[in-house]
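Asks: Residues 411 to 1067 in this note's numbering are what the sequence shown lists, from first letter to last.
For every residue, glycine included, the Cβ atom is placed at its ideal position computed from N, Cα and C.
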Amino acid sequence: MSSVLDQRSAAPSALPSRVPSRRRTRVLALPEARWALASLVLFLIALPLDLLGAPAWTWGPLFAAAYITGGWEPGWEGLKALKDKTLDVDLLMVVAALGAAAIGQVLDGALLIVIFATSGALEAVATARTADSVRGLLDLAPSTATRLLPDGGEETVAAEDLKVGDTILVRPGERVGADGQVLAGESDVDQATITGEPLPVAKQTGDEVFAGTVNGTGALRVRVERDPSDSVIARIVKMVEEASETKAPTQLFIEKIEQRYSIGMVIATLAVFAIPLAFGSDLQSALLRAMTFMIVASPCAVVLSTMPPLLSAIANAGRHGVLAKSAVVMERLGQIDTVALDKTGTLTEGTPRVTDLRPLPEASLSEEALLALAAAAEHPSEHPLARAVVDAARECSLSLSQAADFTSAPGQGVSATIDGHTIQVGSPARLQPAAGPVQAVVQELEDAGQTAVLVLRDSAPVGVIGIADRLRPDAAATVAALTELTGRAPVLLTGDNERAAKHLADQVGITDVRAGLLPQDKVTAVRQWESEGRKVLVVGDGVNDAPALAAAHSGIAMGKAGSDLALETADAVVVRDELATIPTVVTLSRAARRLVIQNLVIAGIFIAALVAWDLIATLPLPLGVAGHEGSTVIVGLNGLRLLREAAWKNPVHAGTT
């Protein structure tokens, strides 16, 4: 890189949002959230009254109301599942809560109800947020389009009414109304939402354009090639919805055996109650023994064996800038064995920046003078390449001359008069067929994955500027850490061109490169790996990554410039945009899974011992409750170990130090 660029700040500039704001469902508009909130409020009012020894009539009705508001919905769902000959764990928890209340443990039962109601509300909110974002994606495609009539006139029509074969006019700054082919005109089109390419793509007659992409400064006449319902944007929506619906049900480790455990516990409780009665025991003794059995055999400790480690891991990850959306997500992250990475905005910063300044010897210009000349001409332009050049000049504190007679030609570049000289900045292929030294410099920059920008002064070439989307500083170390964790190198999935993708892959140590992919191509690759038995982690940030994020075993979105759809579809979000946290959170998830297994062993030993005592001898109820609660405390404290700072082991930083 040229020396003048070394003086610049390394802080990347913020990216403008390419996605319309979301239409969010209000949390309290969801009935699950309203019932959970009511149950929580009633519980919090009753709790101090109970703990302070107030009369039962003050807190009893409040606890009863908490049971009803928080428990009726999971109880009803459990009864419906029972009708389908399935024993739902929610129903089991409601029964356990009612059983606890029946033997005087009203507070414990109410707490169990509140926890389950809150969990259901959080799941409902997450589902609603994803649905909101999918619906908001449709805003990318304009609601209207300008259709050209055979007599030369034009009319404004609803975009959904366009037919294959129609010709539409796309004015500067408008979104393209339908997938089609350019019939006339030249412009630069920002199609990052579809392909993820960091820079606008020059379009001319014969090129393909996509609905929802943003036109630049030129006007385009486009023949509609696909029905609006079959556009790439519409297909992205369908793919996200289908992937979310057909993705295998996510279950925690313990939930995989909950059916057998629940059925066995119910049968055993009934047996413990009925058998003594059959042999002449009195009703009260039989009921007490059965209730004691249900308490000590209830899966509370088993459930807590799973949740504290995973919730502690979630909290620790959140403290370091990674938001895992649920305990299921935290568990699944540790299971991945294949990683697929997006390029733009994931391995790179997502912002074009000047990387090379190459003044030609015959021009007698320094690097600073070349940059100042180009920046002065580009200053009035809104093109991303122009902004990159101007930003580089500002970061170097260069003084820019006033531009006059500014013109901009879509797909070609800009022209302006600077200090009496005509300065042109733009594409080497369009401004002047490069030859000799200019050709060699342009070829060298393009081979390095950069976009070459030629600068002419009075029609004579004076230098070439290289612009590229800069690689994240920790990208190579992250790839190495993920390779070590999974046993295979990550794969690069990108909509960018193959030359730029391969150059970047070489820099970070990736050998498997899939370039020029549309969203459906990424989904196809993920599903192929999944069919081979792999558990795939997809990391991306754009709308074009959302279907793959939804289809994968786990999906992580980069939060800083991530699209709304990617952020909502992904299972986890890297809030601070630190790529190195991805292998760290995978390591943390695996540690949580080990603790879950430890806790299940501890809980199993306690349950087996207490159940054997209750069946062989007579286990006093207070002692049974104490043993049950004691096992719960032990597994809870063991899981909280992951809250420690030492649990966040960053393999990337460890490798660099």
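Taking 8 Å as the cut-off, decide whether the C-beta atoms of residue 744 and residue 1003 are in contact.
Replies: yes
Asks: Do you know how far the Cα of residue 453 is from the Cα of residue 521?
Replies: 8 Å
Asks: Is residue 1048 helix, strand or coil by DSSP?
Replies: helix
Asks: Whole angstroms is fine: what's the gap from residue 590's alpha carbon to residue 627's?
Replies: 19 Å
Asks: Ordered along the chain, which non-local residues of its own chain (more than five positions away) have a Cβ less than 7 Å from that of residue 882?
Replies: 757, 758, 759, 989
Asks: Give me, in chain order, the residues of the same chain whose beta-carbon lies closer than 6 Å to that of residue 848; leave out the 5 immediate sequence neighbours on both sides.
Replies: Short of 6 Å from the beta carbon of residue 848, and not among the five residues preceding or following it, lie these beta carbons of its own chain, in chain order: 871.
Asks: If I'm right that residue 985 touches residue 965 with Cβ under 8 Å, what's the distance once you round it to whole angstroms?
Replies: Not a contact, Cβ separation roughly 15 Å.
Asks: Leaving out five residues before and five after residue 860 in sequence, what residues of the same chain have Cβ atoms less than 7 Å from its Cβ?
Replies: Around residue 860: 765, 766, 876, 877, 878.
Asks: Contact between the stretch 782-792 and the stretch 801-810: three or more CB pairs below 8 Å?
Replies: yes
Asks: Can at least three beta-carbon pairs, one atom from the stretch 890-901 and one from the stretch 918-938, be found at a separation below 8 Å?
Replies: The stretch 890-901, when compared against the stretch 918-938, does touch it at the 8 Å Cβ threshold.
Asks: What are the boundary residues of the alpha helix (DSSP H) that residue 825 is part of?
Replies: Run containing residue 825: none in the alpha helix (DSSP H); it sits in the beta strand (DSSP E), 823-828.
Asks: Give the secondary structure of residue 641 by DSSP, where H, G and I count as helix, E and B as strand, and everything else as coil.
Replies: Residue state, collapsed to three classes: coil.
Asks: Under the assumption that residue 373 contacts residue 888 (Cβ atoms under 8 Å), give the Cβ distance between them as a whole number of angstroms.
Replies: Because the chain is modelled from 411 through 1067, residue 373 falls outside the range shown and cannot be assessed.
Asks: Skipping 5 residues on each side, what residues in its chain have a beta carbon closer than 6 Å to that of residue 977?
Replies: 967, 983.
Asks: With three or more C-beta pairs closer than 8 Å as the rule, is the stretch 575-593 touching the stretch 614-627?
Replies: yes
Asks: Residues bridged to residue 625 by DSSP?
Replies: 599
Asks: Tell me which residue opens and which closes the alpha helix (DSSP H) that residue 737 is part of.
Replies: For residue 737, the enclosing alpha helix (DSSP H) begins and ends at 737-743.
Asks: Tell me whether residue 391 sits in a helix, a strand or coil according to DSSP, three-state version.
Replies: Beyond the ends of the chain as shown, which are 411 and 1067, falls residue 391; an answer cannot be given.
Asks: Ignoring anything shorter than 3 residues, give me the beta strand (DSSP E) runs that lie fully in the stretch 736-789, in order along the chain.
Replies: 748-751, 758-769
Asks: For residue 791, tell me which candidate among 640, 817, 884 has the shortest Cα-Cα distance.
Replies: 817
Asks: Quick one, are the C-beta atoms of residue 1046 and residue 1020 less than 8 Å apart?
Replies: no
Asks: With 16 other CB atoms within 10 Å as the buried threshold, where does residue 472 fall?
Replies: buried
Asks: What does DSSP give as the partner residue(s) for residue 831 in the beta ladder?
Replies: In DSSP, residue 831 forms a bridge with 828.
Asks: By Cβ distance, which residues of its chain are closer than 7 Å to residue 789, with the 5 residues on each side in sequence left out?
Replies: 800, 810, 813
Asks: Which one of 718, 674, 575 has the shortest CA to CA distance from residue 1048?
Replies: 718
Asks: Thinking C-beta only, is residue 777 closer than 8 Å to residue 769?
Replies: yes
Asks: Residue 867 and residue 831 look like a contact to me (Cβ under 8 Å); what is the Cβ gap, rounded to whole Å?
Replies: Contact between residue 867 and residue 831 holds: their C-beta atoms lie close to 5 Å from each other, under 8 Å.
Asks: On the CB-based measure, 16 or more other CB atoms within 10 Å of its CB, does residue 488 come out buried or exposed?
Replies: buried
Asks: Any idea which residues DSSP pairs residue 564 with across the strands?
Replies: Beta-bridge pairing links residue 564 to 558.
Asks: Kindly list the residues whose CB is nearer than 6 Å to the CB of residue 1027, restricted to its own chain and excluding five residues on each side of it in sequence; keep chain order.
Replies: none
Asks: Write down the C-beta distance between residue 557 and residue 523 rounded to the nearest angstrom, noting that I regard them as a contact closer than 8 Å.
Replies: Wrong, their Cβ atoms sit about 59 Å apart, outside the cutoff.
Asks: For residue 480, which option in 456, 447, 505, 492 has the closest C-alpha, if you only look at C-alpha atoms?
Replies: 447
Asks: Please classify residue 1018: does DSSP put it in a helix, a strand, or coil?
Replies: helix
Asks: At which residues does the alpha helix (DSSP H) containing residue 916 begin and terminate?
Replies: 908-918
Asks: Please go through the same chain and pick out, in chain order, the residues whose beta-carbon is closer than 7 Å to the beta-carbon of residue 570, but skip the five residues on each side of it.
Replies: 638
Asks: With C-beta atoms as the reference, is residue 621 less than 8 Å away from residue 587?
Replies: yes
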